[in-house]
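In what follows, a structure is listed as structure tokens, so that the remarks can point back to it.
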């Protein structure tokens, strides 16, 4: 079956702009989590959605937001981009908590 | 504070060698632990998931163990191959009503042909 897909794969934005990233989970998976990966901080949890509800949120500013649709697809939005937002953004899907999590290929965001 | 650490940060071995990667976690109330590999610039590939009630899991040449009392997990790779070269990450889940993973900093493995 198809894996987790993320679009776009690469993005270049300017400081102050906003960006929306998309994640389509594996069919049947209702949990979608988002992570930010940077060389300095490693992988950090952003938030998790389950059945269209945010179930947990990491320690990121309010400029980072997300949502999940009824088909379990999820989007995350970053407003007022800063240089420090440059990172690889990864999403993961699973059936529910405690189940194996599967990651997508990521979206590489560069803020100039 | 729940933290996960991995030692060593980097490892280089000759092809064919058996090796062990280490993962330590500060909070023993772990729900499960998952091992991943990441190739440069790519996403994470799940290798093994160990539930808190399990002591080990095996998949092919990989064997992962979990010792909650000591706060440690190890990933054993048998007969290493150049294709095993990647960064290996462990991630702990503490359950509750969330799937949040707390990641270690990773071990960069290079298998020399």
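Residue numbers (the working numbering), protein chains in the order written: chain S, 325 to 436; chain H, 20 to 132. All C-beta atoms, glycine included, are put in the ideal place defined by N, C-alpha and C.
- Message: Counting only Cβ pairs nearer than 8 Å, list the residues of chain S close to residue 53 (chain H).
- Response: As a first step, residue 53 (chain H) must be located in the second chain, where it is residue number 34. The contacting residues are 424 and 425.
- Item | Element boundaries [beta strand (DSSP E), containing residue 379 (chain S)] | As a working mapping, residue 379 (chain S) is identified with position 55 in the first chain. Per DSSP, residue 379 (chain S) belongs to the beta strand (DSSP E) from 377–381.
- Query: What does residue 119 (chain H) touch in chain A if you count any residue whose Cβ is under 8 Å from its own?
  - Reply: No chain A appears in the structure shown, which is made up of the protein chains S and H.
- Message: Excluding the 5 residues flanking residue 84 (chain H) on each side, which residues of the same chain have their C-beta closer than 7 Å to its C-beta?
- Response: To locate residue 84 (chain H), count along the second chain from 1; it is residue 65. Sequence-distant partners of residue 84 (chain H) (beyond 5 residues in either direction) whose C-beta falls short of 7 Å from its own C-beta, in its chain, are 74, 75, 92 and 93.
- For residue 56 (chain H), the first and last residue of its enclosing beta strand (DSSP E): Counted from its first residue, the second chain places residue 56 (chain H) at position 37. According to the DSSP assignment, residue 56 (chain H) belongs to the beta strand (DSSP E) that extends over 51–57.
- Residue-chain proximity (residue 348 (chain S), chain H), Cβ-Cβ < 7 Å: In the first chain, counting from the first residue as 1, residue 348 (chain S) sits at position 24. It does not; no Cβ of chain H falls within 7 Å.
- Message: Which residues does DSSP list as the beta-bridge partners of residue 359 (chain S)?
- Response: The residue labelled residue 359 (chain S) in the question sits at position 35 within the first chain. Note: residue 359 (chain S) is bridge-paired with S:369 and S:414 in the DSSP secondary-structure output.
- Message: Could you give the first and the last residue of the continuous beta strand (DSSP E) run that contains residue 350 (chain S)?
- Response: Against the first chain, residue 350 (chain S) aligns to sequence position 26. Taken as a continuous stretch (DSSP letters only), residue 350 (chain S) belongs to no beta strand (DSSP E), as it is neither H nor E.
- C-beta neighbour in chain H for residue 389 (chain S), strict 7 Å: Sequence index remark: in the first chain, residue 389 (chain S) carries index 65 (1-based). No, its Cβ sits nowhere closer than 7 Å to a Cβ of chain H.
- Task: Going by CA-CA distance only, name the one from S:345, S:407 and S:415 that's closest to residue 436 (chain S).
- Result: Within the first chain, residue 436 (chain S) is the residue found at index 112, counting from 1. Looking at the Cα atoms, S:407 is the closest of the given residues.
- Query: Exposed or buried, which one is residue 427 (chain S) when buried takes at least 16 other CB atoms within 10 Å?
  - Reply: Taking the first chain and counting its residues from 1, one reaches residue 427 (chain S) at position 103. Residue environment for residue 427 (chain S): buried (at least 16 other C-beta atoms within 10 angstroms of its C-beta).
- Query: Which residues in the same chain as residue 392 (chain S) place their Cβ atom closer than 7 Å to its Cβ, once the five residues preceding and following it in sequence are excluded?
  - Reply: If you number the first chain from 1, residue 392 (chain S) lands on position 68. Around residue 392 (chain S): 356, 373, 376 and 398.
- Report the residues of the region 40–71 of chain H with a CB closer than 8 Å to any CB of chain S, ordered along the chain. Residues 50, 51, 53, 55, 60, 61, 62, 63, 64, 65, 68 and 70.
- I think residue 107 (chain H) touches residue 49 (chain H), with their Cβ atoms under 8 Å apart; what is that distance to the nearest whole Å? In the second chain, residue 107 (chain H) corresponds to position 88, counting from 1. In the second chain, residue 49 (chain H) corresponds to position 30, counting from 1. The Cβ separation is near 18 Å, so there is no contact.
- Short CB-CB distance (under 7 Å) between residue 421 (chain S) and chain H: Locating residue 421 (chain S) in the first chain gives position 97, counting from the first residue. For residue 421 (chain S), the answer is yes, since a Cβ of chain H falls inside 7 Å of its Cβ.
- Query: How is the beta strand (DSSP E) around residue 66 (chain H) delimited, first residue to last?
  - Reply: The residue you call residue 66 (chain H) lines up with position 47 of the second chain. Element bounds for residue 66 (chain H): 63–70.
- Given a limit of 7 Å on CB to CB distance, which residues of the region 389–410 of chain S reach chain H? Residues of the region 389–410 of chain S with a C-beta atom less than 7 Å from some C-beta of chain H do not occur.
- Query: What whole-angstrom Cβ distance do residue 433 (chain S) and residue 335 (chain S) have, given they're in contact under 8 Å?
  - Reply: In the first chain, counting from the first residue as 1, residue 433 (chain S) sits at position 109. In the first chain, counting from the first residue as 1, residue 335 (chain S) sits at position 11. That belief holds up - the Cβ atoms of residue 433 (chain S) and residue 335 (chain S) are roughly 5 Å apart, short of 8 Å.
- At 8 Å on the CB atoms, spell out the chain H contacts of residue 429 (chain S), in chain order. Against the first chain, residue 429 (chain S) aligns to sequence position 105. Within 8 Å Cβ-Cβ: 61 and 62.
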